[in-house]
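J.: Residue numbers (the working numbering): 947 to 1395.
Virtual Cβ for every residue (Gly too), placed ideally from N, Cα, C.
Right, I'll just put the structure down here and ask away after.
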(Lines of atoms letter the chains of each structure in order from A and count residues from 1; the text may use other names and numbers.)
(Lines give C-alpha, C1' and ligand atoms only; values in the text may rest on other atoms or scores of the structure.)
Protein backbone atom coordinates (compact mmCIF):
# COMPACT_ATOMS: atom_id res chain seq x y z
CA UNK A 1 0.00 0.00 0.00
CA UNK A 2 1.65 3.17 -1.20
CA UNK A 3 -1.02 5.81 -0.32
CA UNK A 4 -3.74 6.58 2.19
CA UNK A 5 -7.26 5.23 1.57
CA UNK A 6 -9.28 8.47 1.55
CA UNK A 7 -7.11 11.33 0.30
CA UNK A 8 -4.59 9.14 -1.57
CA UNK A 9 -1.66 10.80 0.21
CA UNK A 10 1.67 9.11 -0.65
CA UNK A 11 3.48 7.16 2.04
CA UNK A 12 7.20 7.60 2.64
CA UNK A 13 8.55 4.12 1.96
CA UNK A 14 11.56 2.45 3.67
CA UNK A 15 14.91 3.20 2.04
CA UNK A 16 13.17 5.68 -0.25
CA UNK A 17 15.40 8.32 -1.81
CA UNK A 18 14.33 11.96 -1.73
CA UNK A 19 11.83 11.42 1.06
CA UNK A 20 11.26 15.15 1.24
CA UNK A 21 9.69 15.10 -2.23
CA UNK A 22 7.06 12.59 -1.16
CA UNK A 23 6.46 14.44 2.08
CA UNK A 24 6.04 17.80 0.35
CA UNK A 25 3.70 16.28 -2.24
CA UNK A 26 1.47 15.00 0.56
CA UNK A 27 1.47 18.45 2.15
CA UNK A 28 0.41 20.03 -1.14
CA UNK A 29 -2.48 17.58 -1.43
CA UNK A 30 -3.56 18.34 2.14
CA UNK A 31 -3.35 22.06 1.39
CA UNK A 32 -5.61 21.58 -1.61
CA UNK A 33 -8.23 19.32 -0.04
CA UNK A 34 -8.49 20.08 3.69
CA UNK A 35 -11.01 22.82 4.65
CA UNK A 36 -12.01 22.90 1.00
CA UNK A 37 -13.02 26.34 -0.30
CA UNK A 38 -13.15 27.02 -4.03
CA UNK A 39 -13.36 30.34 -5.82
CA UNK A 40 -16.07 29.20 -8.23
CA UNK A 41 -17.71 26.28 -10.00
CA UNK A 42 -18.65 28.27 -13.12
CA UNK A 43 -15.40 28.15 -15.13
CA UNK A 44 -14.60 25.67 -17.90
CA UNK A 45 -11.11 27.17 -18.38
CA UNK A 46 -8.75 28.51 -15.72
CA UNK A 47 -8.49 32.23 -14.97
CA UNK A 48 -5.64 34.02 -16.71
CA UNK A 49 -3.77 35.01 -13.54
CA UNK A 50 -4.62 32.56 -10.77
CA UNK A 51 -3.24 33.10 -7.30
CA UNK A 52 -1.11 30.47 -5.61
CA UNK A 53 -3.36 27.87 -3.99
CA UNK A 54 -6.48 29.04 -5.85
CA UNK A 55 -9.04 26.25 -6.26
CA UNK A 56 -12.02 25.67 -8.55
CA UNK A 57 -14.61 23.03 -9.29
CA UNK A 58 -14.25 22.42 -13.02
CA UNK A 59 -17.39 23.13 -15.06
CA UNK A 60 -18.63 21.20 -18.11
CA UNK A 61 -16.62 21.17 -21.38
CA UNK A 62 -13.26 21.95 -19.81
CA UNK A 63 -10.72 23.62 -22.10
CA UNK A 64 -7.22 25.07 -22.13
CA UNK A 65 -5.00 23.69 -19.36
CA UNK A 66 -8.12 21.96 -17.99
CA UNK A 67 -8.87 20.07 -21.21
CA UNK A 68 -9.97 16.52 -20.50
CA UNK A 69 -10.71 17.12 -16.81
CA UNK A 70 -14.16 15.69 -15.93
CA UNK A 71 -16.88 18.06 -14.78
CA UNK A 72 -16.95 18.36 -11.00
CA UNK A 73 -13.26 17.59 -10.42
CA UNK A 74 -11.19 19.91 -8.28
CA UNK A 75 -8.47 22.08 -9.81
CA UNK A 76 -5.78 23.57 -7.54
CA UNK A 77 -3.05 25.98 -8.72
CA UNK A 78 0.17 24.84 -6.99
CA UNK A 79 3.82 25.58 -7.79
CA UNK A 80 2.80 27.43 -10.98
CA UNK A 81 0.74 24.58 -12.43
CA UNK A 82 -2.76 23.13 -12.18
CA UNK A 83 -3.29 19.92 -10.27
CA UNK A 84 -6.54 17.96 -10.36
CA UNK A 85 -8.35 15.80 -7.82
CA UNK A 86 -11.37 13.52 -8.13
CA UNK A 87 -13.91 14.28 -5.36
CA UNK A 88 -15.16 11.49 -3.12
CA UNK A 89 -18.73 10.92 -1.88
CA UNK A 90 -19.50 13.12 1.11
CA UNK A 91 -16.90 15.81 0.43
CA UNK A 92 -18.12 19.34 1.11
CA UNK A 93 -16.84 22.56 -0.43
CA UNK A 94 -17.52 26.22 0.23
CA UNK A 95 -18.24 28.16 -2.99
CA UNK A 96 -16.89 31.66 -2.42
CA UNK A 97 -18.65 33.47 -5.27
CA UNK A 98 -22.02 31.95 -4.25
CA UNK A 99 -21.67 32.21 -0.48
CA UNK A 100 -22.91 28.67 0.05
CA UNK A 101 -21.77 25.11 0.60
CA UNK A 102 -22.01 22.09 -1.74
CA UNK A 103 -21.79 18.38 -1.05
CA UNK A 104 -20.63 15.70 -3.52
CA UNK A 105 -23.05 12.76 -3.68
CA UNK A 106 -20.85 10.51 -5.80
CA UNK A 107 -22.07 11.89 -9.11
CA UNK A 108 -22.47 15.66 -8.79
CA UNK A 109 -22.19 18.62 -6.45
CA UNK A 110 -25.45 19.85 -4.90
CA UNK A 111 -26.53 22.39 -2.30
CA UNK A 112 -25.69 21.38 1.26
CA UNK A 113 -28.85 21.36 3.42
CA UNK A 114 -27.29 20.09 6.62
CA UNK A 115 -28.83 17.29 8.66
CA UNK A 116 -28.99 19.53 11.75
CA UNK A 117 -31.94 21.51 10.35
CA UNK A 118 -34.37 18.62 10.69
CA UNK A 119 -34.97 18.81 13.52
CA UNK A 120 -33.17 21.92 14.73
CA UNK A 121 -33.42 22.99 18.38
CA UNK A 122 -33.64 26.65 17.32
CA UNK A 123 -32.84 28.90 14.38
CA UNK A 124 -32.17 32.60 14.04
CA UNK A 125 -32.16 34.65 10.84
CA UNK A 126 -30.18 37.88 11.21
CA UNK A 127 -30.72 37.61 14.99
CA UNK A 128 -30.36 35.10 17.80
CA UNK A 129 -33.07 32.62 18.74
CA UNK A 130 -33.63 31.75 22.39
CA UNK A 131 -35.47 29.22 24.54
CA UNK A 132 -38.74 31.19 24.26
CA UNK A 133 -38.48 32.29 20.62
CA UNK A 134 -36.91 29.18 19.07
CA UNK A 135 -37.40 30.65 15.60
CA UNK A 136 -36.39 34.31 15.38
CA UNK A 137 -36.22 36.47 12.26
CA UNK A 138 -35.03 40.07 12.00
CA UNK A 139 -36.01 41.36 8.58
CA UNK A 140 -37.96 44.08 6.80
CA UNK A 141 -40.18 41.41 5.28
CA UNK A 142 -40.84 37.68 5.51
CA UNK A 143 -42.35 35.73 2.61
CA UNK A 144 -44.29 32.48 2.80
CA UNK A 145 -45.37 31.19 -0.61
CA UNK A 146 -47.14 28.18 -2.03
CA UNK A 147 -44.95 25.29 -3.17
CA UNK A 148 -44.32 25.45 -6.92
CA UNK A 149 -41.29 23.13 -6.83
CA UNK A 150 -42.50 19.77 -5.49
CA UNK A 151 -45.14 20.73 -6.81
CA UNK A 152 -47.66 21.54 -4.12
CA UNK A 153 -51.40 22.12 -4.43
CA UNK A 154 -51.14 25.85 -5.16
CA UNK A 155 -52.26 26.89 -1.66
CA UNK A 156 -50.59 27.59 1.67
CA UNK A 157 -51.64 27.37 5.34
CA UNK A 158 -50.05 28.71 8.51
CA UNK A 159 -50.97 26.39 11.39
CA UNK A 160 -50.91 27.42 15.06
CA UNK A 161 -51.78 24.53 17.37
CA UNK A 162 -52.47 24.57 21.11
CA UNK A 163 -52.87 21.62 23.46
CA UNK A 164 -56.19 22.55 25.09
CA UNK A 165 -58.99 25.17 24.84
CA UNK A 166 -57.63 27.12 27.81
CA UNK A 167 -54.36 27.81 26.04
CA UNK A 168 -53.50 30.42 23.42
CA UNK A 169 -52.95 30.15 19.68
CA UNK A 170 -52.64 33.67 18.32
CA UNK A 171 -50.72 36.30 16.42
CA UNK A 172 -49.50 39.20 18.57
CA UNK A 173 -48.67 42.64 17.17
CA UNK A 174 -46.25 44.81 19.17
CA UNK A 175 -44.94 48.36 19.27
CA UNK A 176 -41.58 48.68 21.01
CA UNK A 177 -41.95 45.07 22.22
CA UNK A 178 -45.27 45.89 23.93
CA UNK A 179 -48.46 44.22 22.71
CA UNK A 180 -51.03 46.36 20.92
CA UNK A 181 -53.23 43.89 19.00
CA UNK A 182 -53.80 40.15 19.03
CA UNK A 183 -56.03 37.73 17.20
CA UNK A 184 -56.59 34.01 17.61
CA UNK A 185 -58.11 31.56 20.07
CA UNK A 186 -57.06 33.07 23.39
CA UNK A 187 -58.22 31.32 26.55
CA UNK A 188 -60.98 29.34 24.82
CA UNK A 189 -61.89 28.07 21.36
CA UNK A 190 -63.76 31.22 20.31
CA UNK A 191 -61.97 33.51 17.85
CA UNK A 192 -60.94 36.82 19.44
CA UNK A 193 -59.62 40.07 18.05
CA UNK A 194 -58.37 42.19 20.93
CA UNK A 195 -56.46 45.44 21.38
CA UNK A 196 -54.45 47.15 24.10
CA UNK A 197 -53.22 50.68 24.62
CA UNK A 198 -50.41 49.70 26.99
CA UNK A 199 -49.68 46.00 26.53
CA UNK A 200 -51.24 45.10 29.88
CA UNK A 201 -54.94 45.94 29.67
CA UNK A 202 -56.69 44.13 26.82
CA UNK A 203 -60.17 44.55 25.37
CA UNK A 204 -61.98 42.23 22.99
CA UNK A 205 -62.99 44.15 19.88
CA UNK A 206 -64.64 41.14 18.25
CA UNK A 207 -65.48 37.61 19.38
CA UNK A 208 -66.80 34.82 17.12
CA UNK A 209 -68.46 31.96 18.97
CA UNK A 210 -66.89 28.63 17.97
CA UNK A 211 -70.15 26.70 18.34
CA UNK A 212 -72.66 29.02 16.69
CA UNK A 213 -70.54 31.34 14.56
CA UNK A 214 -72.30 34.29 16.21
CA UNK A 215 -70.29 37.51 16.11
CA UNK A 216 -70.23 39.90 19.04
CA UNK A 217 -68.46 43.22 19.49
CA UNK A 218 -68.08 43.52 23.28
CA UNK A 219 -67.21 47.24 23.19
CA UNK A 220 -69.33 48.30 20.23
CA UNK A 221 -73.09 48.52 20.81
CA UNK A 222 -75.23 46.96 18.06
CA UNK A 223 -77.03 50.30 17.86
CA UNK A 224 -75.72 53.75 18.71
CA UNK A 225 -77.27 53.44 22.18
CA UNK A 226 -79.14 50.48 23.61
CA UNK A 227 -82.77 50.81 24.64
CA UNK A 228 -84.90 48.85 27.05
CA UNK A 229 -87.91 46.84 25.87
CA UNK A 230 -89.45 47.01 29.35
CA UNK A 231 -92.15 49.67 29.61
CA UNK A 232 -91.07 50.66 33.11
CA UNK A 233 -87.35 50.55 32.12
CA UNK A 234 -86.68 48.28 35.08
CA UNK A 235 -87.27 51.17 37.49
CA UNK A 236 -90.25 49.37 39.09
CA UNK A 237 -92.02 52.70 39.46
CA UNK A 238 -95.00 52.20 37.18
CA UNK A 239 -95.71 51.39 33.56
CA UNK A 240 -95.13 53.17 31.28
CA UNK A 241 -91.93 54.61 32.70
CA UNK A 242 -92.51 58.04 34.28
CA UNK A 243 -91.42 60.94 32.12
CA UNK A 244 -89.31 62.17 34.99
CA UNK A 245 -86.14 61.36 36.87
CA UNK A 246 -88.35 60.77 39.90
CA UNK A 247 -90.54 57.80 40.81
CA UNK A 248 -93.08 58.12 43.60
CA UNK A 249 -94.11 54.58 44.49
CA UNK A 250 -93.19 50.97 43.81
CA UNK A 251 -95.21 49.02 41.29
CA UNK A 252 -94.57 45.33 40.60
CA UNK A 253 -94.11 44.76 36.86
CA UNK A 254 -96.56 42.67 34.86
CA UNK A 255 -93.73 41.17 32.82
CA UNK A 256 -92.53 39.19 35.86
CA UNK A 257 -94.71 36.57 37.52
CA UNK A 258 -94.07 34.83 40.88
CA UNK A 259 -93.79 31.02 40.79
CA UNK A 260 -93.91 28.39 43.55
CA UNK A 261 -95.48 30.80 46.02
CA UNK A 262 -92.85 33.52 45.66
CA UNK A 263 -93.76 37.02 46.87
CA UNK A 264 -92.85 40.34 45.20
CA UNK A 265 -92.56 43.54 47.27
CA UNK A 266 -90.84 46.84 46.79
CA UNK A 267 -87.44 47.41 48.30
CA UNK A 268 -85.54 50.67 48.88
CA UNK A 269 -84.95 53.09 46.05
CA UNK A 270 -82.15 55.18 44.69
CA UNK A 271 -82.93 58.80 45.66
CA UNK A 272 -82.34 61.74 43.34
CA UNK A 273 -80.20 64.53 44.91
CA UNK A 274 -79.60 62.32 47.95
CA UNK A 275 -77.98 63.48 51.16
CA UNK A 276 -75.45 60.64 51.11
CA UNK A 277 -73.60 62.62 48.46
CA UNK A 278 -74.38 66.15 49.60
CA UNK A 279 -77.95 66.79 48.48
CA UNK A 280 -81.06 67.76 50.48
CA UNK A 281 -82.88 64.49 49.70
CA UNK A 282 -83.00 61.39 51.83
CA UNK A 283 -80.00 59.20 52.57
CA UNK A 284 -79.39 56.14 50.45
CA UNK A 285 -79.96 52.70 51.90
CA UNK A 286 -76.46 51.21 52.48
CA UNK A 287 -77.07 48.43 49.97
CA UNK A 288 -78.33 50.92 47.38
CA UNK A 289 -75.21 52.99 48.02
CA UNK A 290 -73.10 49.87 47.44
CA UNK A 291 -74.81 49.33 44.09
CA UNK A 292 -74.43 52.95 42.99
CA UNK A 293 -70.76 52.81 43.96
CA UNK A 294 -70.32 50.00 41.45
CA UNK A 295 -72.21 51.87 38.74
CA UNK A 296 -70.96 55.47 38.99
CA UNK A 297 -67.92 57.58 39.78
CA UNK A 298 -68.12 59.56 43.07
CA UNK A 299 -69.02 62.89 41.45
CA UNK A 300 -72.04 61.32 39.72
CA UNK A 301 -73.72 59.48 42.61
CA UNK A 302 -75.78 62.43 43.91
CA UNK A 303 -77.97 62.87 40.87
CA UNK A 304 -79.56 60.24 38.72
CA UNK A 305 -82.76 58.57 37.58
CA UNK A 306 -84.62 57.13 40.56
CA UNK A 307 -85.48 53.42 40.67
CA UNK A 308 -86.83 50.90 43.15
CA UNK A 309 -85.48 47.49 44.04
CA UNK A 310 -87.73 44.48 43.46
CA UNK A 311 -87.54 42.15 46.47
CA UNK A 312 -88.33 38.52 45.66
CA UNK A 313 -88.93 36.04 48.48
CA UNK A 314 -88.91 32.45 47.23
CA UNK A 315 -91.92 30.34 48.27
CA UNK A 316 -92.18 26.72 49.33
CA UNK A 317 -93.38 25.32 46.00
CA UNK A 318 -91.27 22.62 44.40
CA UNK A 319 -91.88 22.73 40.64
CA UNK A 320 -89.16 23.33 38.03
CA UNK A 321 -86.10 22.07 39.90
CA UNK A 322 -82.35 22.59 39.56
CA UNK A 323 -79.82 20.94 41.88
CA UNK A 324 -76.58 22.83 42.39
CA UNK A 325 -73.73 21.48 44.54
CA UNK A 326 -76.16 19.06 46.13
CA UNK A 327 -78.66 21.79 47.04
CA UNK A 328 -82.11 21.83 45.42
CA UNK A 329 -83.27 25.14 43.96
CA UNK A 330 -86.71 25.97 42.56
CA UNK A 331 -88.01 28.51 40.06
CA UNK A 332 -89.11 31.71 41.88
CA UNK A 333 -90.21 33.81 38.90
CA UNK A 334 -90.91 33.71 35.20
CA UNK A 335 -92.08 35.93 32.37
CA UNK A 336 -95.31 35.53 30.41
CA UNK A 337 -94.95 33.81 27.07
CA UNK A 338 -93.94 37.08 25.48
CA UNK A 339 -92.63 37.06 21.91
CA UNK A 340 -88.88 37.57 21.82
CA UNK A 341 -86.31 37.92 19.03
CA UNK A 342 -83.71 35.21 18.33
CA UNK A 343 -81.03 37.30 20.01
CA UNK A 344 -81.81 38.97 23.32
CA UNK A 345 -79.91 40.32 26.33
CA UNK A 346 -81.34 40.28 29.86
CA UNK A 347 -79.28 42.28 32.34
CA UNK A 348 -79.93 42.90 36.04
CA UNK A 349 -78.15 43.60 39.30
CA UNK A 350 -78.77 40.96 41.96
CA UNK A 351 -78.15 40.97 45.71
CA UNK A 352 -78.89 37.78 47.66
CA UNK A 353 -80.01 38.96 51.09
CA UNK A 354 -80.46 35.43 52.44
CA UNK A 355 -80.50 31.88 51.12
CA UNK A 356 -79.09 30.80 47.77
CA UNK A 357 -79.69 31.76 44.15
CA UNK A 358 -78.48 29.64 41.22
CA UNK A 359 -77.91 30.85 37.66
CA UNK A 360 -78.22 27.65 35.65
CA UNK A 361 -78.56 26.08 32.19
CA UNK A 362 -75.46 27.74 30.75
CA UNK A 363 -74.91 26.94 27.07
CA UNK A 364 -73.90 28.52 23.78
CA UNK A 365 -77.58 29.40 23.28
CA UNK A 366 -78.03 30.80 26.82
CA UNK A 367 -74.84 32.54 27.82
CA UNK A 368 -74.20 33.68 31.36
CA UNK A 369 -72.03 36.62 32.45
CA UNK A 370 -71.27 37.74 36.01
CA UNK A 371 -69.97 41.30 36.23
CA UNK A 372 -69.29 41.12 32.49
CA UNK A 373 -67.19 37.95 32.72
CA UNK A 374 -68.44 34.93 30.72
CA UNK A 375 -69.22 31.82 32.77
CA UNK A 376 -68.94 28.29 31.43
CA UNK A 377 -71.04 26.57 34.09
CA UNK A 378 -73.84 27.14 36.62
CA UNK A 379 -73.05 29.79 39.24
CA UNK A 380 -74.44 29.93 42.78
CA UNK A 381 -74.82 33.28 44.56
CA UNK A 382 -75.08 33.81 48.32
CA UNK A 383 -75.11 36.88 50.62
CA UNK A 384 -71.30 36.78 50.73
CA UNK A 385 -71.17 37.70 47.03
CA UNK A 386 -72.73 41.14 47.44
CA UNK A 387 -74.14 42.82 44.35
CA UNK A 388 -73.47 40.98 41.10
CA UNK A 389 -74.44 42.00 37.60
CA UNK A 390 -76.14 38.95 36.09
CA UNK A 391 -76.44 38.92 32.31
CA UNK A 392 -78.09 36.43 30.01
CA UNK A 393 -77.48 36.49 26.27
CA UNK A 394 -79.95 34.34 24.36
CA UNK A 395 -78.72 33.27 20.93
CA UNK A 396 -80.94 31.13 18.69
CA UNK A 397 -80.96 30.06 15.08
CA UNK A 398 -84.04 31.86 13.69
CA UNK A 399 -85.19 28.63 12.02
CA UNK A 400 -85.01 26.82 15.36
CA UNK A 401 -86.27 29.61 17.61
CA UNK A 402 -89.64 28.94 19.31
CA UNK A 403 -90.30 32.67 19.58
CA UNK A 404 -90.58 32.80 23.38
CA UNK A 405 -88.87 31.56 26.56
CA UNK A 406 -90.76 32.20 29.77
CA UNK A 407 -87.84 31.16 32.02
CA UNK A 408 -85.13 32.87 29.98
CA UNK A 409 -83.62 34.45 33.12
CA UNK A 410 -82.77 30.93 34.40
CA UNK A 411 -82.56 31.87 38.10
CA UNK A 412 -83.54 29.35 40.78
CA UNK A 413 -83.67 29.75 44.57
CA UNK A 414 -83.89 27.67 47.70
CA UNK A 415 -87.21 28.09 49.63
CA UNK A 416 -87.26 31.30 51.67
CA UNK A 417 -84.40 32.93 49.77
CA UNK A 418 -84.66 36.74 49.64
CA UNK A 419 -83.23 38.41 46.54
CA UNK A 420 -83.09 42.04 45.45
CA UNK A 421 -83.24 42.81 41.72
CA UNK A 422 -82.37 46.27 40.37
CA UNK A 423 -82.04 47.99 36.98
CA UNK A 424 -83.54 45.14 34.97
CA UNK A 425 -83.00 45.53 31.24
CA UNK A 426 -84.26 43.51 28.29
CA UNK A 427 -82.52 44.56 25.09
CA UNK A 428 -82.84 43.19 21.54
CA UNK A 429 -79.54 41.89 20.23
CA UNK A 430 -76.42 41.27 22.28
CA UNK A 431 -75.24 44.00 24.63
CA UNK A 432 -71.45 44.47 24.59
CA UNK A 433 -69.96 42.65 27.58
CA UNK A 434 -66.58 43.12 29.25
CA UNK A 435 -65.22 42.63 32.78
CA UNK A 436 -66.68 45.23 35.14
CA UNK A 437 -68.68 46.89 32.38
CA UNK A 438 -71.83 47.68 34.31
CA UNK A 439 -75.18 48.83 32.97
CA UNK A 440 -77.46 50.96 35.10
CA UNK A 441 -80.94 52.12 34.14
CA UNK A 442 -81.36 51.93 30.36
CA UNK A 443 -84.42 53.97 29.34
CA UNK A 444 -87.41 52.41 27.65
CA UNK A 445 -88.92 53.73 24.46
CA UNK A 446 -92.21 54.63 26.13
CA UNK A 447 -90.87 57.66 28.01
CA UNK A 448 -90.05 59.38 24.71
CA UNK A 449 -93.27 58.60 22.86
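Where residue 1012 and residue 1055 are concerned, what is the direct C-alpha to C-alpha distance, given to the nearest angstrom?
T.: Cα to Cα, the separation comes out at about 18 Å.
J.: What did DSSP end up calling residue 1035 once you bin it into helix, strand or coil?
T.: Three-state DSSP puts residue 1035 in coil, outside helix and strand.
J.: Is the closest heavy atom of the ligand COA to the C-beta of residue 1244 under 6 Å?
T.: Of the ligands one can find in the structure shown there are none, so the ligand COA has no counterpart to examine.
J.: Do you know offhand how far residue 1336's Cα is from residue 1278's?
T.: Whole-angstrom Cα-Cα distance: 16 Å.
J.: Taking residue 1283 as the reference, which of 993, 991, 1203 and 1265 has the closest Cα?
T.: Among 993, 991, 1203 and 1265, the Cα nearest to that of residue 1283 is on 1203.
J.: Assess, as a yes-or-no matter, whether the stretch 1311-1324 is touched by the stretch 1377-1384 under the definition of 3 or more beta carbon pairs within less than 8 Å.
T.: Taking 8 Å as the limit for Cβ pairs, the verdict is that the stretch 1311-1324 does touch the stretch 1377-1384.
J.: Could you please give me the residues that DSSP links to residue 1121 through a beta bridge?
T.: Partner(s): 1124.
J.: State whether the stretch 1215-1227 contacts the stretch 1248-1260, with contact taken as three or more CB pairs (one from each stretch) at a distance under 8 Å.
T.: A contact exists between the stretch 1215-1227 and the stretch 1248-1260.
J.: Using the three-state DSSP reduction, which class does residue 1361 fall into: helix, strand or coil?
T.: Reduced to three states, the DSSP call for residue 1361 is coil.
J.: Please determine, among 1370, 1384 and 1375, the residue with the shortest C-alpha to C-alpha distance to residue 1390.
T.: With distances taken between Cα atoms, residue 1390 lies closest to 1370.
J.: Among all the DSSP beta bridges, which residues are the ones paired with residue 1030?
T.: 1021.
J.: By alpha-carbon positions, which one of 1313, 1353 and 1294 ends up nearest to residue 1268?
T.: Out of 1313, 1353 and 1294, 1353 has the C-alpha closest to the C-alpha of residue 1268.
J.: Suppose the cutoff is 6 Å on Cβ atoms and the five residues either side in sequence are ignored; what does the same chain contact list for residue 1372 look like?
T.: So the list reads 1175, 1176 and 1292, once near-sequence residues are dropped.
J.: Please go through the stretch 1294-1325 and give each complete beta strand (DSSP E) segment of 3 or more residues, from N-terminal end onward.
T.: Entirely contained in the stretch 1294-1325, the beta strand (DSSP E) runs reaching 3 residues are, in chain order, 1303-1305, 1312-1316 and 1319-1321.
J.: Distance check for residue 1070 and residue 1289, CA to CA, integer angstroms please.
T.: Roughly 49 Å separates the two Cα atoms.
J.: Once you ignore the five residues that flank residue 980 on each side, which residues in its own chain have a CB closer than 8 Å to its CB?
T.: Cβ neighbours of residue 980 beyond the five flanking positions: none.
J.: State the DSSP-derived secondary structure class of residue 1048, mapped to helix, strand or coil.
T.: Looking at residue 1048 - three-state DSSP - the assignment turns out to be strand.
J.: So what's residue 1392 in DSSP terms, helix, strand or just coil?
T.: Three-state result, residue 1392: helix.
J.: Using the beta-carbon count (16 or more within 10 Å), is residue 1287 buried or exposed?
T.: It counts as exposed.
J.: Is residue 1324 close to chain D, meaning its C-beta is less than 7 Å from at least one C-beta of that chain?
T.: You won't find chain D in this structure, because it holds only one protein chain.
J.: Leaving aside the five residues before and after residue 1227 along the sequence, list all residues of the same chain whose C-beta is less than 8 Å from its C-beta, in chain order.
T.: Excluding positions up to five away in sequence, the list reads 1217, 1218, 1219, 1220 and 1221.
J.: If you count every other CB in all the chains shown that lies within 10 Å of the CB of residue 1301, and 16 or more means buried, which is it?
T.: Residue 1301 should be labelled buried.
J.: How many Å lie between residue 1356 and residue 1303 at the Cα?
T.: So the alpha carbons of these two residues sit roughly 10 Å apart.
J.: What runs of the alpha helix (DSSP H), each 4 residues or longer, lie entirely inside the stretch 1335-1387?
T.: Taking only runs of at least 4 residues, no alpha helix (DSSP H) segment lies wholly in the stretch 1335-1387.
J.: So who's on the other strand from residue 1333, going by DSSP bridges?
T.: Paired residue(s): none; residue 1333 is not in a bridge.
J.: From the DSSP output, in three-state form, read off residue 993 for me.
T.: If DSSP states are grouped into helix, strand and coil, residue 993 belongs with coil.
J.: Using a threshold of 7 Å, state whether the C-beta atoms of residue 1130 and residue 1117 are closer than that.
T.: Cβ distance < 7 Å, so residue 1130 and residue 1117 count as in contact.
J.: Classify residue 1010 as helix, strand or coil using the three-state DSSP reduction.
T.: Of the three classes helix, strand and coil, the one that applies to residue 1010 here is helix, per DSSP.
J.: For the alpha helix (DSSP H) that residue 1235 lies in, which residues bound it at each end?
T.: Run containing residue 1235: 1232-1241, per the alpha helix (DSSP H) assignment.
J.: As a quick exercise: from 1257, 1028 and 1253, pick the residue whose alpha carbon is nearest that of residue 1363.
T.: Per the Cα distances, 1257.
J.: Go through the stretch 1174-1245 residue by residue and report every complete run of the alpha helix (DSSP H) that reaches 4 residues or more, in order.
T.: Runs of the alpha helix (DSSP H) inside the stretch 1174-1245: 1232-1241.
J.: For residue 1092, count neighbouring Cβ atoms within 10 angstroms of its own Cβ and tell me buried if that reaches 16, exposed if not.
T.: Residue 1092 is exposed by the Cβ-count criterion.
J.: With a CB to CB cut of under 6 Å and the five nearest residues on each side skipped, what residues in its chain are close to residue 1152?
T.: Same-chain partners within the cutoff: 1139 and 1163.
J.: Drop a sphere of 10 angstroms on the beta-carbon of residue 1388, count the other beta-carbons inside from all chains shown, and report buried for 16 or more, exposed for fewer.
T.: It counts as buried.
J.: Quick check: the Cα distance between residue 1332 and residue 1346, rounded to an integer number of angstroms?
T.: Their backbone Cα atoms lie some 37 Å apart in a straight line.
J.: With distances taken between CB atoms, is the gap from residue 1208 to residue 1261 smaller than 7 Å?
T.: Their beta carbons are under 7 Å apart, which means residue 1208 touches residue 1261 by this criterion.
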